[in-house]
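Residue numbers for the sequence shown follow the working numbering, beginning at 63 and rising by one.
Worksheet: the structure to be examined is printed underneath.
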Amino acid sequence: MSTILRTLRNLRKIGLKEYAHEMQYMGDTKAGTFIAKDNYGNKYYENQEQELPLRTRWVDYKDKEFDPSQIEPGWHAWMSYMVDKPPTQDPILQRQVRVWEPKEHRPTLTWSRSAYKPYSTVKNKYGAWTPVAKER
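Right under this line is the structure:
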């Protein structure tokens, strides 16, 4: 949650349309410099003048139903302050997709109907108890 002064200052910097977009999808107003756009269409921003420590980098997801697994590994390292330079400026992170890496994004399916459910071939040790009532 931001202060009223910071909210008004960001409203003046980013404009009414972007202010409404950020309030709807992020719940907070942020103004900063655009860093880059990744392969999924997410936009990354940074603001060094922010008053809150470790809250100076953020992502604007392309999809409205976003999933944090939609952040690429290099961008995740930058977002969590493991590296100082974004992947567009770091020569180590500017690499091609390796053979063992997935070619396309697969969303995390946990807590969905498509989640992995293990299949057991072991017979249950205990059976369900069904109460039987005598006739009166």
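Built from N, CA and C at the ideal position, the CB exists for glycine as well.
Distance, Cα to Cα, residue i vs residue j?
i	j	result
Lys105	Tyr178	30 Å
Thr118	Thr91	12 Å
Ser142	Tyr188	47 Å
Ala200	Pro153	Not covered by the structure: residue 200. The range shown for the chain is 63 to 198.
At which residues does the alpha helix (DSSP H) containing residue i begin and terminate?
i	result
Tyr107	Note, Tyr107: premise wrong, no alpha helix (DSSP H); beta strand (DSSP E) at 105–108.
Lys92	That residue, Lys92, is in no alpha helix (DSSP H); it is neither H nor E in DSSP.
Trp120	Not the alpha helix (DSSP H): Trp120 falls in the beta strand (DSSP E), residues 119–122.
Leu70	66–76
Looking at residue j and residue i, is the spacing between their C-beta atoms short of 8 Å?
i	j	result
Asn72	Thr95	no
Trp162	Pro149	no
Lys124	Tyr87	no
Ile76	Ala98	no
Could you say which of the options lies nearest to residue i if we only look at CA atoms?
i	options	result
Tyr102	Pro180, Pro169, Tyr181	Pro169
His83	Asp122, Asp100, Tyr107, Thr65	Asp122
Skipping 5 residues on each side, what residues in its chain have a beta carbon closer than 8 Å to that of residue i?
i	result
Trp173	none
Thr69	Thr91
Leu171	Ala177, Tyr178
If I measure Cβ to Cβ from residue i and keep anything under 6 Å in the same chain, skipping five residues before and after, which residues do I get?
i	result
Asp100	Glu134, Trp137
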